[in-house]
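Residues in the sequence shown are numbered consecutively from 1168, following this note's numbering. Heads up, the beta-carbon is just placed ideally off N, CA and C, and yes, glycines get one too. This structure is a prediction, so every number in the text was calculated from the model and none was measured.
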Amino acid sequence: MLDATGSLELLEKPAQAVETVIRILIDDEVLTTQALARGRRAAEQSLERLDLVLNKLGLVSDHALAAAWSAVTGLPIAEPTAYPPHVLLGETLEPGFLAHARALPLKVDGDRLELAVVDAVDHFTPAAIAAKTGLSVSCKLARPGEFSAAFERLYGAVGSADSDEISLGADAALTHDVERLRDLASDAPVVRMVNGLIDRAIEVGASDLHISAARAGLRVRYRIDGILRDVEPPPGQFHAAVISRLKIMAGLDIAERRLPQDGRIRIAWRGREIDLRIATMPHLNGEGAVLRVLDRSAVSLDFEALGFSASLIASFHRILSEPHGIFLVTGPTGSGKTTTLYAALQAIASPERNIVTVEDPTEYQLEGVNQIQVNRKIGLDFASALRAVLRQDPDVIMVGEIRDRETAIVANQAALTGHLVLATVHTNTAVAALPRLVDMGVEPYLLASTIKGSMAQRLVRRLCPHCRRSARPEPWHQGLWRGRSTSLQTCHYAVGCERCQGTGYIGRIAIAESMPMTDAIKGKLLEKADERELAATAQSAGMMSMVEDGLSKVAAGLTSVDELLRAVGAS
């Protein structure tokens, strides 16, 4: 017996249903007319269904395609948590049949079977399974990548690949598209697993991909908007093979498993060039790897898009218009310091200026900027590279990080000799950057004459505009505004929907504090005042703290109080 929910009329007319899905994808602006034309040509050559071809070529994501089919058929989408921990009906349903049909039992409840299917218009498979098992079958739509990961975990590498292939070159030509469609099914299982992990990480906007061995098997996590999330891993027995495949892609030594290794992978993904930085590490249960995803097209190097307030942007431009001096950006690792400096370089880049950067590593390539990668193995550290840069007639110099006395002194000398220096320092506040440089060995009187300003920043998750909920603030929320110039009338909370993958947040924005170098602060610095005195002087001069900037974004409905407290601490 088959219990199908959805439009039976459309299911009986698959071509009409596919065209309806295509219209939804175009209306939602996830499919362009150029991509559609390219997909139609490939579908004509390969004789495959258009929506499947668009997905296999990476022109439409798994999430977008499943959402469109759900809208057409009324079938709910199977979330990753719905897949069972062990095989269901293993004695009745053959793995080969399920792999070919791309179907997977999710749950048996009495005489009802919940089935995940990739193909929404395949009414034969649910009917056949209902007849074979004698159960009433209800269907959920499965996203292809999540289905593949769950199937391989439960049954191993059976069947053909349905995750997106990641190529090492551009695939714009029709012949490449058709060859790619033909080669998908013949991919080695391990290659397919690794490509699927990387593909899904890029698709969901992960900044990092963590692969580690646990006692229970392989563990895979994506860092999305600063938060690590577990995802469906490949079977545990493939752990060594997955790590070895990543090493081969990065040109690392696959025989060396006792020492950490670093490498880089460059791939073409859906017409975009993606850089992956890989770092392997021997763990107690086996070798692990972390991949940093560097997608230049996903990063907006614009101050306003990054979330900075109008007053901070005006302060940036005043400092960047200076002919010489030092501007510092501070914060912990992962707080967006380098992205802010890239945005600054983008704002001032011009043919009239020679801009040079010294970085470790070089994260993104900037047009019109000479970028230098530090290489300590050959003696090219920050200080030696910076000294060499001074002989290249630069106008603006960006230093990826000031972390030692020598680099701090050379950067200060560069500012004294007429260069504008942009750099990062690891401190928690804007004011703390000054004592940190003094501790490194730079004389206070030199800092007083070179520092133009410093800024500290953090990244907070942006509330999903589609599902955020507004309500009256709780009493303890009101207490955060006590003594502020503005009051909190409405508070917004995270809810969670399909567009934000149930988290309640999409993307991140910066919260920051900026300390301009005033005469009062210079005086305190020359008196060798500590951080507390410098902070009091800066606040008396009107410096807005990072917490105040965050509270203004809470009041504007851009983020939540809970997220602000997570980023800056409860104190």
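Exercise. How is Ser1719 classed by DSSP in three states: helix, strand or coil?
Worked result: If you number the sequence shown from 1, residue 1719 lands on position 552. Looking at Ser1719 - three-state DSSP - the assignment turns out to be helix.
Problem set entry | Thr1591 versus Met1565 - alpha carbon distance | Start at 1 with the first residue of the sequence shown, and residue 1591 comes out as number 424. Start at 1 with the first residue of the sequence shown, and residue 1565 comes out as number 398. Using only the alpha carbons, I get a separation of about 9 angstroms.
For this session: Give me the Cα-Cα distance between Gly1503 and Leu1613, rounded to the nearest whole angstrom.
Result: Counting from 1 along the sequence shown, the entry for residue 1503 is found at position 336. Counting from 1 along the sequence shown, the entry for residue 1613 is found at position 446. Cα to Cα, Gly1503 sits roughly 28 angstroms from Leu1613.
Exercise. Given Ser1464, which residues of its chain have a CB within under 6 angstroms of its CB, disregarding the five upstream and five downstream residues?
Worked result: Locating residue 1464 in the sequence shown gives position 297, where the first residue counts as 1. Arg1439.
Exercise. For the 8 angstroms Cβ check, are there 3 or more pairs between the segment 1469 to 1482 and the segment 1547 to 1566?
Worked result: no
Problem set entry | Beta-carbon contacts of Arg1367 that lie in its chain and below 6 angstroms, excluding the five residues immediately before and after | As a first step, residue 1367 must be located in the sequence shown, where it is residue number 200. If we look at Arg1367 and ignore the five residues flanking it on each side, its Cβ neighbours are Gly1312.
For this session: Please report how far the alpha carbon of Arg1412 lies from the alpha carbon of Gln1201, in whole angstroms.
Result: Numbered from 1 along the sequence shown, position 245 holds the residue referred to as residue 1412. Numbered from 1 along the sequence shown, position 34 holds the residue referred to as residue 1201. Each residue's alpha carbon lies about 34 angstroms from the other.
For this session: Give the DSSP-derived three-state secondary structure of Ser1478 in the structure shown.
Result: If you number the sequence shown from 1, residue 1478 lands on position 311. In this structure, Ser1478 counts as helix in the three-state DSSP scheme.
Exercise. Using 8 angstroms as the threshold, is the segment 1417 to 1427 in touch with the segment 1445 to 1452, meaning 3 or more CB pairs across them?
Worked result: yes
For this session: Could you tell me the distance, in whole angstroms, from the CA atom of Asn1579 to the CA atom of Gly1585?
Result: For this step, residue 1579 is matched to residue 412 along the sequence shown. For this step, residue 1585 is matched to residue 418 along the sequence shown. If I take the Cα positions, the gap works out to 10 angstroms.
Exercise. Taking C-beta to C-beta, are Leu1487 and Ala1511 nearer than 9 angstroms?
Worked result: Translated into positions along the sequence shown, residue 1487 becomes position 320. Translated into positions along the sequence shown, residue 1511 becomes position 344. Cβ atoms of Leu1487 and Ala1511: closer than 9 angstroms.
For this session: State yes or no: is the C-beta of Pro1251 within less than 9 angstroms of the C-beta of Pro1272?
Result: Here residue 1251 refers to the residue found at position 84 when the sequence shown is read from its first residue. Here residue 1272 refers to the residue found at position 105 when the sequence shown is read from its first residue. Against a cut-off of 9 angstroms, the Cβ pair of Pro1272 and Pro1251 comes out as a contact.
Problem set entry | For Leu1601 and Val1735, the rounded distance between their alpha carbons | Walking along the sequence shown from the start, residue 1735 turns up at place 568. Walking along the sequence shown from the start, residue 1601 turns up at place 434. Spanning the two alpha carbons is a distance of roughly 20 angstroms.
Exercise. Going by Cα to Cα distance, which pick from Leu1458, Arg1382, His1267 is closest to Ser1374?
Worked result: Here residue 1374 is taken as the residue at index 207 of the sequence shown, counted from 1. The residue with the shortest Cα to Cα distance from Ser1374 is Leu1458.
Exercise. Under 9 angstroms between the Cβ atoms of Ala1582 and Ile1493?
Worked result: On the sequence shown, residue 1582 is found 415 positions in, with the first residue counted as 1. On the sequence shown, residue 1493 is found 326 positions in, with the first residue counted as 1. For Ala1582 and Ile1493, yes; Cβs fall inside 9 angstroms.
Exercise. Does the segment 1392 to 1404 touch the segment 1665 to 1680, meaning 3 or more C-beta pairs lie closer than 8 angstroms?
Worked result: yes
Exercise. Along the chain, where does the beta strand (DSSP E) that runs through Arg1606 open and close?
Worked result: By 1-based counting over the sequence shown, the position of residue 1606 is 439. Note on identity: in this sequence residue 1606 is Asp, with Arg being the wrong assignment. First-last for Asp1606: 1600 to 1607, but that is the alpha helix (DSSP H), not the beta strand (DSSP E).
Exercise. Using the C-alpha atoms, what's the distance from Val1288 back to Pro1181?
Worked result: Here residue 1181 refers to the residue found at position 14 when the sequence shown is read from its first residue. Here residue 1288 refers to the residue found at position 121 when the sequence shown is read from its first residue. About 6 angstroms.
Problem set entry | Length at least 4, wholly inside the segment 1535 to 1602: the alpha helix (DSSP H) runs in chain order | 1549 to 1556, 1572 to 1583
Exercise. Is the segment 1688 to 1696 in contact with the segment 1713 to 1725, if contact means three or more CB pairs nearer than 8 angstroms?
Worked result: no
Exercise. What are the partner residues of Val1284, as DSSP defines its beta bridges?
Worked result: Sequence index remark: in the sequence shown, residue 1284 carries index 117 (1-based). Per DSSP, Ala1270, Leu1308.
Exercise. For Val1387, which residues does DSSP report across the bridge?
Worked result: Counting from 1 along the sequence shown, the entry for residue 1387 is found at position 220. Ile1378, Val1398.
Exercise. What number of angstroms, rounded off, separates the C-alpha of Arg1216 from the C-alpha of Ala1316?
Worked result: Here residue 1216 refers to the residue found at position 49 of the sequence shown. Here residue 1316 refers to the residue found at position 149 of the sequence shown. Each residue's Cα considered, the two are about 23 angstroms apart.
Problem set entry | Any alpha helix (DSSP H) of 4 or more consecutive residues that is wholly inside the segment 1663 to 1734 | 1686 to 1693, 1698 to 1707, 1713 to 1722
Exercise. Can you tell me whether Asp1195 is buried or exposed, with buried defined as 16 or more other CB within 10 angstroms of its CB?
Worked result: The residue given as residue 1195 occupies position 28 in the sequence shown. Looking at its Cβ environment, which holds fewer than 16 other Cβ atoms inside 10 Å, Asp1195 is exposed.
Problem set entry | Whole-angstrom distance between Phe1318 and Tyr1531, CA atom to CA atom | The sequence position of residue 1531 within the sequence shown is 364, counting from 1. The sequence position of residue 1318 within the sequence shown is 151, counting from 1. Cα to Cα, Tyr1531 sits roughly 36 angstroms from Phe1318.
Exercise. With C-beta atoms as the reference, is Gly1546 less than 9 angstroms away from Ile1576?
Worked result: Here residue 1546 refers to the residue found at position 379 when the sequence shown is read from its first residue. Here residue 1576 refers to the residue found at position 409 when the sequence shown is read from its first residue. Not closer than 9 angstroms, so no.
Exercise. In three-state terms, what does DSSP make of Thr1529?
Worked result: Within the sequence shown, numbered from 1, the residue matching residue 1529 stands at position 362. Note: Thr1529 maps to coil in three-state DSSP.
Exercise. Could you give the C-beta distance for Ala1708 and Thr1685, rounded to a whole number, given that I count them as a contact under 8 angstroms?
Worked result: Counting from one through the sequence shown, the residue named residue 1708 turns up at place 541. Counting from one through the sequence shown, the residue named residue 1685 turns up at place 518. Sure, about 5 angstroms apart at Cβ, within 8 angstroms.
Exercise. Comparing alpha-carbon positions, which option in Ser1551, Ile1678, Arg1386, Lys1544 lies nearest Arg1396?
Worked result: As a first step, residue 1396 must be located in the sequence shown, where it is residue number 229. Minimum Cα distance to Arg1396 is reached at Arg1386.
For this session: Name the residue from Gly1501, Ser1727, Ser1478, Arg1269 whose alpha carbon lies nearest to the alpha carbon of Arg1632.
Result: As a first step, residue 1632 must be located in the sequence shown, where it is residue number 465. Sequence check: residue 1632 is Pro here, not Arg. Checking every option, the nearest Cα to that of Pro1632 belongs to Ser1727.
Problem set entry | Distance CB(Ala1623)-CB(Gly1474) smaller than 9 angstroms | Residue 1623 sits at position 456 when you count from the first residue of the sequence shown. Residue 1474 sits at position 307 when you count from the first residue of the sequence shown. No; because the gap between Cβ atoms is not below 9 angstroms, this pair is not in contact.
Exercise. Under 9 angstroms between the Cβ atoms of Val1197 and Ser1237?
Worked result: Here residue 1197 refers to the residue found at position 30 of the sequence shown. Here residue 1237 refers to the residue found at position 70 of the sequence shown. Taking 9 angstroms as the Cβ cut-off, Val1197 and Ser1237 do not qualify as a contacting pair.
Exercise. By a C-beta neighbour count over all protein chains shown, 10 Å radius and 16 as the cutoff for buried, is Ala1139 buried or exposed?
Worked result: Residue 1139 lies beyond the range of the chain shown here (1168 to 1738); nothing can be said about it.
Exercise. Got a sec? Which residues, its chain only, sit under 7 angstroms from Val1185 by beta carbon, not counting five neighbours each side?
Worked result: In the sequence shown, the residue the question calls residue 1185 occupies position 18. Correct list, in chain order: Arg1216, Leu1217, Asp1218.
For this session: Go ahead and label Gly1621 buried or exposed: buried means 16 or more other beta carbons lie within 10 angstroms of its beta carbon, across all protein chains shown.
Result: Here the question's residue 1621 lines up with position 454 in the sequence shown. Checking the displayed sequence, the identity of residue 1621 turns out to be Ser instead of Gly. Ser1621 should be labelled buried.
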